[in-house]
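Q: One structure is given below, represented as structure tokens, and several questions about it will come after.
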Amino acid sequence: MSKSDKYLGLAARFVKDRFGSPSTLRYYRQEWWIWSQGRYRVQSEDDLTGMMVLWLHEEEEDSRLAAVRELRNHIRVLDCVSVASTVDMPLYVNVDHYDDTSNFLAFQDCLIDLDVLASGPIRPIRLRPDSNWFSAVVMSYNYEPEATCPQFHVFLDKVLPDKPSQDVLQEWFGYCLTKDNSFRKLMILFGEARTGKSTLSNILEAVIGPENRSAVPLECFWNRFSPHEMVGKLVNFCGDCNQIDRLAEGVIKRFTGGDTILVDRKYKDPVSLKMTAKIIVATNVFPQVKDPSEALWDRFIVVPMNVRIQDHEIDLSLLNSEKTSWPLRWELPGIFNWAIEGLKRLKRQGKFTTSQVFEQAKTTVRHENCSLSQFVDERCNPDPSCSETTSRFMNEYICFCDSMNLKAMNSSQVGRTLRKLIPGMEKKRMGSRYEQQMHYVGLQIIVPRS
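Throughout the sequence shown, residue numbering follows our numbering, covering 1 to 450 in sequence.
Encoded structure:
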């Protein structure tokens, strides 16, 4: 028997003895994964090496470092362990094929086909928990299709009384259950303290499971290794941030657009994959956004939390969803069912419900974020019969920004944005043959009275 055949045999025996059949051990993208409590978790190579050494001792085999290295290398290539790096989690793994079209969701008691569940009235078949479902996601509760959530609705009616706004939130909760990022959205909850932002975030975290979320701040999105923390997660929660800088803006567009991203990993090769985590921001003050373009703002679902809960109405027990005494713990299956109804509506409509409350809030914060919009509102009068030279316009605009401590756009950004703010405005060369200048036609600058 060759050395290679010997270690292949030892590898197969080790996997069967320690991880059963089908195997609960996988090797994927230079990492070891072990199936436990309904989902796969990354296992350190040191821990796995310790298991190998102990097993080799028990089998009275050579357990020196070189032998352990050989065993580990041969385990990696076993069909029942190795998962091709070219496919993305989650997927159904079998010895002879991969199925990345399956879309199961693991509960404590079963596997449910999420596509069937979200497509209509037919209830999906419950499947037993299965280690062939290669996923890092599992719900912390059982699937109960008849469950309801009355206490959650009482809270929701208090902090977000507008019905269309509740519909958008319901669709967002459902969207967060999926690996899909095709709707190209992120949600920003903003408002004063005691308006329910943290509690809503805690509820969403409890529904998806705390191990299925990450917490990379917006300002760290462009950092080299930060995106790796979001790999395989359902939601990334972000706290307060002062501004979304241009580096983060570009990454946000890619993360929310379902683009394939090259993710760096410490001490391992980078991998190309699609990000599954939905981004939700909970902040007291809406962050300053430097990018005035529609491409970024169209991705925002802006949720104003305007209902301040009075001191005597605050339920502190709702704030910590990890405590066993958390009052909404028993309603999680019902909140999941509520979220599924939102996912059904989202898929049926092909877009999120329109909430006038949310749209007005977005218009307001966008105006406050755009120095040019403020200048046009306060210092300009739309008038088709008037014009201003572009040089005078830029001088007045920059002076306005300096006086208001605002960041001014450059001239090319001004030209693009001005056409959106003043429909019909044109940029033309005007004047005599020898003294022509560029003008903005369709506006007049209003000189403030001293």
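Every residue, glycine too, gets a C-beta built ideally from N, C-alpha and C.
For Cys-399, name the three-state secondary structure that DSSP assigns.
A: Numbered from 1 along the sequence shown, position 399 holds the residue referred to as residue 399. The answer is helix: DSSP assigns Cys-399 an H, G or I state.
Q: Verify whether the separation of the beta carbon atoms of Asp-109 and Asn-132 is less than 8 Å.
A: In the sequence shown, the residue the question calls residue 109 occupies position 109. In the sequence shown, the residue the question calls residue 132 occupies position 132. Not a contact, by the Cβ cut-off of 8 Å.
Q: Nearest CA to the CA of Glu-426: which residue from Tyr-27, Ser-432, Gly-239, Leu-443?
A: The residue given as residue 426 occupies position 426 in the sequence shown. That would be Leu-443, whose Cα lies nearest to the Cα of Glu-426.
Q: Excluding sequence positions up to five away, which residues of its chain have a Cβ less than 6 Å from the Cβ of Leu-262?
A: On the sequence shown, position 262 is the one that residue 262 refers to. Counting only Cβ-Cβ distances below 6 Å, and skipping sequence neighbours, we find Pro-270, Ser-272.
Q: When you compare only the Cα positions, how much space is there between Pro-333 and Glu-205?
A: Within the sequence shown, numbered from 1, the residue matching residue 333 stands at position 333. Within the sequence shown, numbered from 1, the residue matching residue 205 stands at position 205. Near 13 Å, if we compare the C-alpha coordinates of Glu-205 and Pro-333.
Q: When you compare only the Cα positions, how much space is there between Glu-60 and Leu-48?
A: Your numbering for residue 60 matches position 60 in the sequence shown. Your numbering for residue 48 matches position 48 in the sequence shown. If I take the Cα positions, the gap works out to 18 Å.
Q: Kindly indicate the opening and closing residues of the beta strand (DSSP E) around Phe-300.
A: Along the sequence shown, one-based indexing puts residue 300 at 300. Start and end: 300 to 304.
Q: What are the uninterrupted segments assigned as alpha helix (DSSP H) that are 4 or more residues long and contained completely in the segment 326 to 387, given in chain order?
A: The segment 326 to 387 contains these whole alpha helix (DSSP H) runs: 332 to 349, 356 to 369, 371 to 379.
Q: Is Tyr-40 near Phe-104, with beta carbons less than 8 Å apart?
A: By one-based count along the sequence shown, residue 40 stands at place 40. By one-based count along the sequence shown, residue 104 stands at place 104. No, the Cβ-Cβ distance between Tyr-40 and Phe-104 is not below 8 Å.
Q: Just mark Lys-185 as buried or exposed, buried being the case when its beta carbon has 16 or more other beta carbons within 10 Å.
A: Within the sequence shown, the letter at position 185 stands for residue 185. Buried, because 16 or more other Cβ atoms sit within 10 Å of the Cβ of Lys-185.
Q: Pick out whichever of Ala-277, Leu-200, Ala-67 has its Cα sitting closest to the Cα of Lys-3.
A: Your numbering for residue 3 matches position 3 in the sequence shown. Comparing Cα positions, the closest option is Ala-67.
Q: Using CA atoms only, rank isn't needed, just tell me which of Glu-294, Phe-183, Met-394 is closest to Lys-351.
A: Here the question's residue 351 lines up with position 351 in the sequence shown. Of the candidates Glu-294, Phe-183, Met-394, the one whose C-alpha sits nearest the C-alpha of Lys-351 is Phe-183.
Q: If you reduce the DSSP assignment to three classes, tell me which class Glu-31 lands in.
A: Taking the sequence shown and counting its residues from 1, one reaches residue 31 at position 31. In the structure shown, Glu-31 sits in a strand (DSSP, three-state: E or B).
Q: Short of 8 Å in beta carbon distance, which residues of its chain neighbour Leu-71, apart from the five on each side in sequence? Order them along the chain.
A: Within the sequence shown, numbered from 1, the residue matching residue 71 stands at position 71. Answer for Leu-71: Tyr-7, Leu-10, Ala-11, Phe-14, Met-52, Leu-56, listed in chain order.
Q: Tell me which residue opens and which closes the alpha helix (DSSP H) that Met-275 is part of.
A: Mapped onto the sequence shown, residue 275 falls at position 275. It is not in any alpha helix (DSSP H) - Met-275 carries neither H nor E in the DSSP assignment.
Q: Look at Ser-102 and Tyr-92 and say whether their C-beta atoms are less than 8 Å apart.
A: By one-based count along the sequence shown, residue 102 stands at place 102. By one-based count along the sequence shown, residue 92 stands at place 92. Yes, the Cβ-Cβ distance between Ser-102 and Tyr-92 is below 8 Å.
Q: Does the distance from the CB of Leu-343 to the CB of Gln-151 come in under 8 Å?
A: In the sequence shown, counting from the first residue as 1, residue 343 sits at position 343. In the sequence shown, counting from the first residue as 1, residue 151 sits at position 151. Their beta carbons are not under 8 Å apart, which means Leu-343 does not touch Gln-151 by this criterion.
Q: Determine, using beta-carbon pairs with one atom in the segment 275 to 284 and one in the segment 185 to 198, whether at least three such pairs fall under 8 Å.
A: Taking 8 Å as the limit for Cβ pairs, the verdict is that the segment 185 to 198 does touch the segment 275 to 284.
Q: Measure the alpha-carbon distance for Ser-412 versus Gln-310 and round it to whole angstroms.
A: Within the sequence shown, residue 412 is the residue found at index 412, counting from 1. Within the sequence shown, residue 310 is the residue found at index 310, counting from 1. When rounded, the distance between both Cα atoms is 48 Å.
Q: Give me the Cβ distance between Pro-124 and Val-116, rounded to the nearest whole Å; I'm assuming they're in contact under 8 Å.
A: Here the question's residue 124 lines up with position 124 in the sequence shown. Here the question's residue 116 lines up with position 116 in the sequence shown. Correct: roughly 4 Å between the Cβ atoms.
Q: So, do the segment 229 to 238 and the segment 196 to 214 have three or more beta carbon pairs nearer to each other than 8 Å?
A: The answer is yes - the segment 196 to 214 touches the segment 229 to 238, with three or more Cβ pairs under 8 Å.
Q: Relative to the C-alpha of Val-220, which candidate in Ile-340, Gly-250, Gly-196, Gln-349 has its C-alpha closest?
A: On the sequence shown, position 220 is the one that residue 220 refers to. For clarity, residue 220 is Cys in the given sequence; the question names Val instead. Closest option to Cys-220, Cα to Cα, is Gly-250.
Q: For Arg-416, is the classification buried or exposed, using 16 other Cβ atoms within 10 angstroms of its Cβ as the cut-off for buried?
A: Counted from its first residue, the sequence shown places residue 416 at position 416. That one is exposed.
Q: Using three-state DSSP, classify Ala-408 as helix, strand or coil.
A: Taking the sequence shown and counting its residues from 1, the one referred to as residue 408 is at position 408. Residue state, collapsed to three classes: coil.
Q: Quick one: measure Cβ to Cβ for Lys-278 and Cys-176, integer angstroms, because I've assumed they're closer than 8 Å.
A: By 1-based counting over the sequence shown, the position of residue 278 is 278. By 1-based counting over the sequence shown, the position of residue 176 is 176. Lys-278 to Cys-176, Cβ: 5 Å. Contact.
Q: Assuming Met-305 and Thr-195 form a contact by the criterion Cβ under 8 Å, report the distance between their Cβ atoms to the nearest whole angstrom.
A: Translated into the one-based positions of the sequence shown, residue 305 becomes position 305. Translated into the one-based positions of the sequence shown, residue 195 becomes position 195. About 4 Å separates the two Cβ atoms, so the contact holds.
Q: Take the Cβ of Lys-158 as the centre, count every other Cβ of all protein chains shown within 10 Å, and call the residue buried at 16 or more, exposed below.
A: Working through the sequence shown from its first residue, we reach residue 158 at position 158. Flag for Lys-158 reads exposed.
Q: Let me confirm a value: Leu-160 is counted as buried when at least 16 other C-beta atoms fall within 10 Å, else exposed. Which label applies?
A: Here the question's residue 160 lines up with position 160 in the sequence shown. Buried, by the Cβ-count rule.
Q: Considering only the beta carbon of each residue, do Thr-354 and Pro-164 sit closer than 8 Å?
A: By one-based count along the sequence shown, residue 354 stands at place 354. By one-based count along the sequence shown, residue 164 stands at place 164. Their beta carbons are under 8 Å apart, which means Thr-354 touches Pro-164 by this criterion.
Q: Could you check how far apart the C-beta atoms of Ile-446 and Arg-379 are, in whole angstroms? I think they sit under 8 Å.
A: Position 446 of the sequence shown, counting from 1, holds the residue named residue 446. Position 379 of the sequence shown, counting from 1, holds the residue named residue 379. That pair is a contact at about 5 Å.
Q: Give me the residue from Leu-421, Met-187, His-153, Asp-162 with the minimum Cα distance to Ile-301.
A: To locate residue 301, count along the sequence shown from 1; it is residue 301. Closest option to Ile-301, Cα to Cα, is Met-187.
Q: Under 8 Å between the Cβ atoms of Trp-338 and Gln-170?
A: For the purposes of this step, residue 338 is identified with residue 338 of the sequence shown, where counting begins at 1. For the purposes of this step, residue 170 is identified with residue 170 of the sequence shown, where counting begins at 1. Yes. Within cutoff.
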